[in-house]
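Trainee: What the sequence shown shows, in mature numbering (1 follows the signal peptide of the UniProt record, and there is no 0), is residues -26 to -1, 1 to 265, in sequence order.
Below is a structure I'd like to ask you about.
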Amino acid sequence: MGKLKITLLAAAAVLALGAGAMATAAADYHAGIDADIAAVLRTAATADPAPVTAAELAALPEPVRRYMAFAFQGEAPRRLRAAGVAQQGEFRRPGATTWEPMSAEQYVAAAGPEPAFVFTGSTWVLPGVPARAMDAYVDGRMRMRAKLFSAIPVMAEDGGALDHVSILRFFIESALYPSALLPGPNLRWEALDADHARAVVLADGVPIGAYRVTVDAAGALVRMESEADGDPATAGRFHGAGEVVTRGDYRAVDGVMVPHAFTLSRRIGGQEQPFWRGTVMRIAFDVAKRF
């Protein structure tokens, strides 16, 4: 959406709705985000994951075993039920050349039979025109929303191809909750070489995508890259497909080594296009409520 169109849409909506209606619409939007986060964390709280066995670890490709030893600081990996993450950084919209400040939160149910998460972020699309996005993958269905002033809809996507893309997205973010990278119904590993392994992502037992994962000599997961490029028709709308992430600045949090620096890029036509880069400001595991 071009700057002129955004400006005209925002002005027309403000005039049509009025300040009171705008405030009500924004409050309803925020309440819906809160409700989705609460649903994800309830799902996480009811998970009863089995302990990680020595046989499971032994079956992993060597780089993944090295990563698990690094991530859990030499202790036996434990399955994290939930994670809450607050981030600050810069976001670049598709087709834009400039970066805008962005703050975000995400909450994840990481140990159930199916992943679930909510991401919400705020940025500026124009000076004086803020936008808040919300992506919620709950009960196997994805909803994406974006609203100017948290009130004026500019994007609404539901289900369909998004459901599979959301599972891919869950795993490209999973260095933030590393036990999700243990094999399960939605993930299997294949060996490549001493520093790389292939993560095959599944939905209902059927492969829907794969990542080439790079683990450095110390055991840190430093890069995940989709084997397939993103679709130019949906680039910028569907976060998760055809993406690459680099990670660094690992720090210990509650006994888990977590990367605090990240850059997410879309890969279109073989070219990587960074769109979201920043720093983890806060992360906590097995959280019961929003920060």
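Glycine included, each C-beta is placed from N, C-alpha and C at the ideal position.
State the DSSP-derived secondary structure class of A(-8), mapped to helix, strand or coil.
Mentor: As a first step, residue -8 is located in the sequence shown; it is residue number 19 there, counting from the start. A(-8): helix per DSSP, three-state reduction.
Trainee: Just to confirm my understanding: we take A(-1), look at its own chain, exclude 5 residues before and 5 after, and list those with CB closer than 7 Å. What are they?
Mentor: Here residue -1 is taken as the residue at index 26 of the sequence shown, counted from 1. Within the same chain, A(-1) has close Cβ partners F123, S124 and A125.
Trainee: If you count every other CB in all the chains shown that lies within 10 Å of the CB of G243, and 16 or more means buried, which is it?
Mentor: By 1-based counting over the sequence shown, the position of residue 243 is 269. Exposed, because fewer than 16 other Cβ atoms sit within 10 Å of the Cβ of G243.
Trainee: Let's see if you can read the secondary structure: which residues bound the alpha helix (DSSP H) around V38?
Mentor: Stepping through the sequence shown from its first residue, residue 38 is reached at position 64. Note, V38: alpha helix (DSSP H), E36 to A45.
Trainee: Applying the 10 Å Cβ sphere with the 16-neighbour rule, what's the burial state of F144?
Mentor: As a working mapping, residue 144 is identified with position 170 in the sequence shown. That one is buried.
Trainee: Let me know if F65 comes out buried or exposed under the rule of 16 or more other beta-carbons within 10 Å of its beta-carbon.
Mentor: The residue you call residue 65 lines up with position 91 of the sequence shown. With 16 or more other Cβ atoms within 10 Å, it is buried.
Trainee: Quick one: residues in its chain with C-beta nearer than 6 Å to the C-beta of D190, no 5 flanking neighbours on either side, listed in chain order?
Mentor: For this step, residue 190 is matched to residue 216 along the sequence shown. Here the set comprises V196.
Trainee: Count the C-beta pairs between the region 96 to 112 and the region 72 to 84 that are closer than 8 Å, then say yes if the count reaches three, no if not.
Mentor: Judged by Cβ distances under 8 Å, the region 96 to 112 makes contact with the region 72 to 84, as three or more pairs qualify.
Trainee: By the 10 Å Cβ neighbour count, where 16 or more other Cβ atoms means buried, how is P206 classified, buried or exposed?
Mentor: Looking up residue 206 in the sequence shown gives position 232. Burial call: exposed.
Trainee: Per the contact definition of three or more C-beta pairs closer than 8 Å, is the region 153 to 160 in contact with the region 173 to 193?
Mentor: Touching, per the Cβ criterion.
Trainee: Under the rule that 16 or more other beta-carbon atoms within 10 Å means buried, what is Q62, buried or exposed?
Mentor: Indexing the sequence shown from 1 puts residue 62 at position 88. Exposed, since its Cβ has fewer than 16 Cβ neighbours within 10 Å.
Trainee: With DSSP as the reference, identify every bridge partner of V187, one or two as the case may be.
Mentor: As a first step, residue 187 must be located in the sequence shown, where it is residue number 213. In DSSP, V187 forms a bridge with A171 and M198.
Trainee: Whole beta strand (DSSP E) runs in the region 50 to 112 with 3 or more residues, listed along the chain?
Mentor: Correct list: 56 to 65, 74 to 83, 90 to 100 and 103 to 112.
Trainee: Under the rule that 16 or more other beta-carbon atoms within 10 Å means buried, what is P101, buried or exposed?
Mentor: Counting from 1 along the sequence shown, the entry for residue 101 is found at position 127. The residue is exposed, with fewer than 16 neighbouring Cβ atoms inside 10 Å.
Trainee: In whole angstroms, give me the CA-to-CA distance for P89 and A173.
Mentor: Numbered from its first residue, the sequence shown carries residue 89 at position 115. Numbered from its first residue, the sequence shown carries residue 173 at position 199. Spanning the two alpha carbons is a distance of roughly 16 Å.
Trainee: In whole angstroms, give me the CA-to-CA distance for L(-19) and L238.
Mentor: Sequence index remark: in the sequence shown, residue -19 carries index 8 (1-based). Sequence index remark: in the sequence shown, residue 238 carries index 264 (1-based). Note that L(-19) has pLDDT 49, beneath the 50 cutoff, so the model's placement of it is unreliable and the number below is only indicative. Distance between the alpha carbons of L(-19) and L238: 31 Å.
Trainee: Quick check on this structure: which residue in R251, I11, V232 and R52 has the alpha carbon closest to the alpha carbon of V24?
Mentor: What you label residue 24 is simply residue 50 of the sequence shown in a count that begins at 1. For clarity, residue 24 is Ala in the given sequence; the question names Val instead. Per the Cα distances, R52.
Trainee: Does DSSP classify L(-19) as helix, strand or coil?
Mentor: Taking the first residue of the sequence shown as position 1, residue -19 is located at position 8. Low confidence applies here, because L(-19) scores a pLDDT of 49, under 50, leaving its location unreliable; read the following figure in that light. Residue state, collapsed to three classes: helix.
Trainee: Consult DSSP for Y224 and reduce its assignment to one of helix, strand or coil.
Mentor: As a working note, residue 224 is residue 250 in the sequence shown. If DSSP states are grouped into helix, strand and coil, Y224 belongs with the strands.
Trainee: Tell me whether the region 250 to 258 and the region 217 to 232 touch, counting them as touching only if at least three CB pairs, one residue from each stretch, are closer than 8 Å.
Mentor: A contact exists between the region 250 to 258 and the region 217 to 232.
Trainee: Taking the alpha-carbon of G58 as reference, which of M42, S148, R117 and D137 has the nearest alpha-carbon?
Mentor: Taking the sequence shown and counting its residues from 1, the one referred to as residue 58 is at position 84. For the residues M42, S148, R117 and D137, the minimum Cα distance to G58 belongs to S148.
Trainee: Three-state secondary structure (DSSP) at G158?
Mentor: Taking the first residue of the sequence shown as 1, we reach residue 158 at position 184. The answer is strand: DSSP assigns G158 an E or B state.
Trainee: Using DSSP bridges, identify the partner residues of K121.
Mentor: One-based indexing of the sequence shown puts residue 121 at position 147. In DSSP, K121 forms a bridge with R106 and P127.
Trainee: Note down, in chain order, each residue of its chain lying with its Cβ closer than 6 Å to the Cβ of F259, except the 5 sequence neighbours on either side.
Mentor: Numbered from 1 along the sequence shown, position 285 holds the residue referred to as residue 259. Excluding positions up to five away in sequence, the list reads L54, A57 and D228.
Trainee: Residues in its own chain within less than 7 Å of F44 by CB, not counting five upstream and five downstream?
Mentor: Reading the sequence shown from its first residue, position 70 is the one you call residue 44. Hits under 7 Å: A192, G193, A194 and M231.
Trainee: Give the straight-line distance between the Cα atoms of R264 and D8, rounded to the nearest whole angstrom.
Mentor: Reading the sequence shown from its first residue, position 290 is the one you call residue 264. Reading the sequence shown from its first residue, position 34 is the one you call residue 8. Straight-line Cα distance between these residues: approximately 8 Å.
Trainee: With H, G and I counted as helix, E and B as strand and the rest as coil, what does DSSP make of F144?
Mentor: Within the sequence shown, the letter at position 170 stands for residue 144. The answer is helix: DSSP assigns F144 an H, G or I state.
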